[in-house]
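The block underneath contains the structure these notes are about, expressed in structure tokens.
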Amino acid sequence: MNTLGKVGLLALALVATPVVAQAGTIEGVAIGAGAGAVVAGPPGAVVGGVVGAVTGGPNIIHRHRHRHCYTNRHGVRHCSWR
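6 is the number of the first residue of the sequence shown in the working numbering; add one for each residue after it.
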């Protein structure tokens with residue numbers, strides 16, 4: 006039962022990944038630490054919290070911005086977000 010529960014929570018964490026990507030930093034830390042604690046105990050909580058803070062921060066998804074690239078006369082490619 007213990008292994009089945011861990012596998013189920015790991016699958017739930019993988020399914021919830023898009024939700025974490027849109028969450029803020031605090032939500033990312035909470036979700037990552039909770040998932041890490043369930044899967045790997047206290048060390049997993051620390052690692053999950055750090056990963057959640059890094060990946061769950063704001064401005065991850067730029068829905069209204071597009072990359073604009075051009076090549077100058079020397080053949081060097083330049084890109085910027087607009």
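For each residue, glycine too, the CB sits at the ideal point set by N, CA and C.
Quantities reported herein were computed from a predicted structural model and do not represent experimental measurements.
Local Cβ density within 10 Å of residue i, reported as buried at 16 or more and exposed below that
| i | result |
| --- | --- |
| A16 | exposed |
| G80 | exposed |
| N7 | exposed |
Under 9 Å between C-beta atoms of residue i and residue j
| i | j | result |
| --- | --- | --- |
| K11 | V44 | yes |
| A40 | L14 | yes |
| E32 | G57 | yes |
Contacting residues, own chain, Cβ-Cβ under 8 Å from residue i (five flanking each side not counted)
| i | result |
| --- | --- |
| V51 | A38, G41 |
| T76 | R82, H83 |
| V25 | For V25, the predicted model reports a pLDDT of 49, less than 50, meaning its position is unreliable and no value from the coordinates is stated. |
Neighbourhood of residue i by C-beta, 6 Å cutoff - its chain only, sequence neighbours within 5 removed
| i | result |
| --- | --- |
| C84 | R72, C74 |
| A18 | A40 |
Own chain partners of residue i with C-beta closer than 7 Å, once the 5 adjacent residues on each side are dropped
| i | result |
| --- | --- |
| G49 | G41, A42 |
**OP:** Mind listing, in chain order, the continuous alpha helix (DSSP H) runs of no fewer than 4 residues lying wholly within the region 25-59?
**Re:** 30-45
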